[in-house]
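Letter by letter, the sequence shown follows residues 1 to 267 in full-length UniProt numbering. Have a look at the structure below before the remarks.
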Amino acid sequence: MAMNLELKKFNINEIKDDKVVVLIGKRDTGKSFLCRDILYHHQNIPVGQVISGTEGANQFYQKIVPKLFIHDEFKPDIVSNMLARQKMMIEKMNGGGSDASIDPRAFLILDDCLYDNTWSKDKNMRSVFMNGRHYKLLFLLTMQYALGIPPNLRTNIDYVFILRENYVSNRKRLYEHYAGMFPNFEMFCQVMDQCTENYECLVINNNAKSNKLEDQVFWYKAEPRPDFKIGAPSFWKFSQENFTNEKRDENTFTQKPKNPLKVNKLY
1 MAMNLELKKF NINEIKDDKV VVLIGKRDTG KSFLCRDILY HHQNIPVGQV ISGTEGANQF
61 YQKIVPKLFI HDEFKPDIVS NMLARQKMMI EKMNGGGSDA SIDPRAFLIL DDCLYDNTWS
121 KDKNMRSVFM NGRHYKLLFL LTMQYALGIP PNLRTNIDYV FILRENYVSN RKRLYEHYAG
181 MFPNFEMFCQ VMDQCTENYE CLVINNNAKS NKLEDQVFWY KAEPRPDFKI GAPSFWKFSQ
241 ENFTNEKRDE NTFTQKPKNP LKVNKLY
């Protein structure tokens, strides 16, 4: 007899402006579309930085982020300068007077930069993971594989979005490193099967105040959003004036589960 698991749809508005969010999924699973959906809900953040190894090929981010903020490879100076800026803005805001109304928020996006693992050893990147909330920084990290983040940084992730994955070896890594709240691997795989079809994804909330599975795990599907721009108008103006446009694998998971599980998705 199949048991029922009722999973609620994730409320994307729960992601506040100072969280660490990781999106895991191989190519063509909808990571960029999901990232855009998240940014849509934070489009009033005035400044940020995007580091994307594929931007030169697809120009995805320049439609929504000023070119001034976009880089095609990771360089330590990008993050160190950003954190220095954040410290300065927060000090000004806390100093009172006319600076008290300053908006100190910023965003940082690392999109599929794991081909270069130097970022994971960078002291400022460690600070982003561990102290991002103090810097008023929203950090989005997208990657294709579960092993891209060192264990000491993994514990500082607030939300994990897991997209479709059909290889058992990769599923096991996801389960072991991000989804340990599931009682067993078989149950995790059944939930993945039913919650990552049609560009849906599984969402892990590491900030849950409850040990119940239903309070820690959700499903979500990114929605098409109208055109928008993130970043203050002055940066868009500067960018426009100064930047020109230039046979089946044996690892595939097909095993029939011993204990069937049906997931009821609640809206």
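Just so it is clear, CB atoms sit at the ideal spot from N, CA and C, and this is done for glycine as well.
Boundaries (first-last residue) of the alpha helix (DSSP H) holding residue i
i                 : result
leucine 174       : 168-178
cysteine 35       : 31-40
phenylalanine 185 : 185-195
aspartate 215     : 213-216
Whether residue i touches residue j by CB criterion (8 Å)
i              : j             : result
leucine 108    : glutamine 62  : no
residue 299    : proline 66    : What is shown of the chain runs 1 to 267, which leaves residue 299 out entirely.
isoleucine 204 : valine 168    : no
isoleucine 90  : lysine 19     : no
alanine 57     : leucine 261   : no
leucine 138    : isoleucine 24 : no
threonine 142  : lysine 31     : yes
residue 283    : valine 47     : It is not possible to answer for residue 283, since the shown part of the chain is limited to 1 through 267.
aspartate 37   : glutamate 223 : yes
Inter-residue Cα distance where the pair is residue i and residue j
i              : j                 : result
asparagine 166 : phenylalanine 218 : 19 Å
leucine 5      : isoleucine 70     : 42 Å
asparagine 117 : proline 76        : 12 Å
threonine 254  : lysine 237        : Because the pLDDT at threonine 254 is just 46, under 50, the model does not fix this residue reliably, and the value given afterwards should be weighed accordingly. One C-alpha to the other measures close to 52 Å.
glutamate 176  : glutamine 216     : 16 Å
isoleucine 157 : valine 22         : 7 Å
Neighbourhood of residue i by C-beta, 7 Å cutoff - its chain only, sequence neighbours within 5 removed
i             : result
methionine 93 : Asp99, Ala100, Ile102, Pro104
lysine 265    : Leu7, Lys9, Trp219
N-terminal and C-terminal residue of the beta strand (DSSP E) that residue i is part of
i             : result
valine 22     : 20-24
glycine 48    : 47-52
isoleucine 90 : Note, isoleucine 90: premise wrong, no beta strand (DSSP E); alpha helix (DSSP H) at 76-94.
valine 65     : No beta strand (DSSP E) contains valine 65, which DSSP labels as neither H nor E.
Chain C within 8 Å of residue i, Cβ atoms only
i             : result
isoleucine 45 : In the structure shown, chain C cannot be found, because there is only a single protein chain.
Where residue i falls, given that 16 or more other Cβ within 10 Å makes a residue buried
i             : result
methionine 88 : exposed
Neighbourhood of residue i by C-beta distance below 8 Å, restricted to the same chain and skipping five residues each side
i            : result
histidine 41 : Ile12, Asn13, Ile15
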